[in-house]
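For the sequence shown, numbering that gives the first Met the number 0 assigns the number 0 to the initial residue and increments by one for each residue that follows. To keep things clear, I will list the structure first and then write my remarks on it.
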Amino acid sequence: MATILLIEDNPTNLDLMVYLLQAFGHRPISCGTGEDGLVAALRDDPSLILCDLQLPGIDGYEVLRRLKGDPRLQRIPILAVTALAMVGDRDRALAAGFDGYIPKPIDPETFVEELARFLPDGVSQQCQRS
Ligand code: MN
């Protein structure tokens, strides 16, 4: 079980990610803005952060900049959630310093599996689809 912070302003996408993470025994935390997400990151000490790039207020790149600039938060891996069609977004996200990316639309068959390699050792193996 891992605490995973989701920063996503699209409710449909957020609901799907929450559902899938809970189904695999993880503990998702939802935030609709980058500002709220950074507060939650300090408060809840997540093992992993998934962050949409386009958000109201600060965007995903600014969330990344603030996260990696904060000694209390910089060790937490952060993945960009990027639209599948926006091929350039992926390269730009990785170049900016995201640890990886998850394509949108979310693929329910592979989503949780894709996160496993970014979680601490052993965490994913303990999780079963319920
Ligand atoms: Mn968005």
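Where is the CB? At the ideal position from N, CA and C, for every residue including glycine. Predicted model only: the values in this text are computed from it and were never measured.
The beta-carbon separation of Lys103 and Thr81, rounded to 6 Å, stays under the 8 Å limit for a contact. Between the alpha carbons of Gly99 and Gly56 lies a distance of about 22 Å.
At a cut-off of 7 Å, the beta-carbon of Leu49 does not count as near the ligand MN: no heavy atom of the ligand is closer than that. Within a 10 Å sphere around the beta-carbon of Pro45 sit 16 or more other beta-carbons, which makes this residue buried. Cβ atoms of Ala95 and Leu63 come within 8 Å of each other, at about 6 Å. Counted as a single uninterrupted DSSP element, the stretch harbouring Leu118 is not any beta strand (DSSP E), since DSSP gives it neither H nor E.
Taken in chain order, the complete alpha helix (DSSP H) segments of 4 or more residues contained in the segment 6-61 are 10-22, 33-43.
The straight-line gap separating the alpha-carbon atoms of Ala39 and Val86 is approximately 29 Å. Residue nearest to Arg26 within the set Met0, Glu34, Glu7 is Met0 (criterion: CA-CA distance).
For Leu72, the three-state secondary structure derived from DSSP is coil. Relative to the ligand MN, even the nearest heavy atom lies 7 Å or more away from the CB of Asp35.
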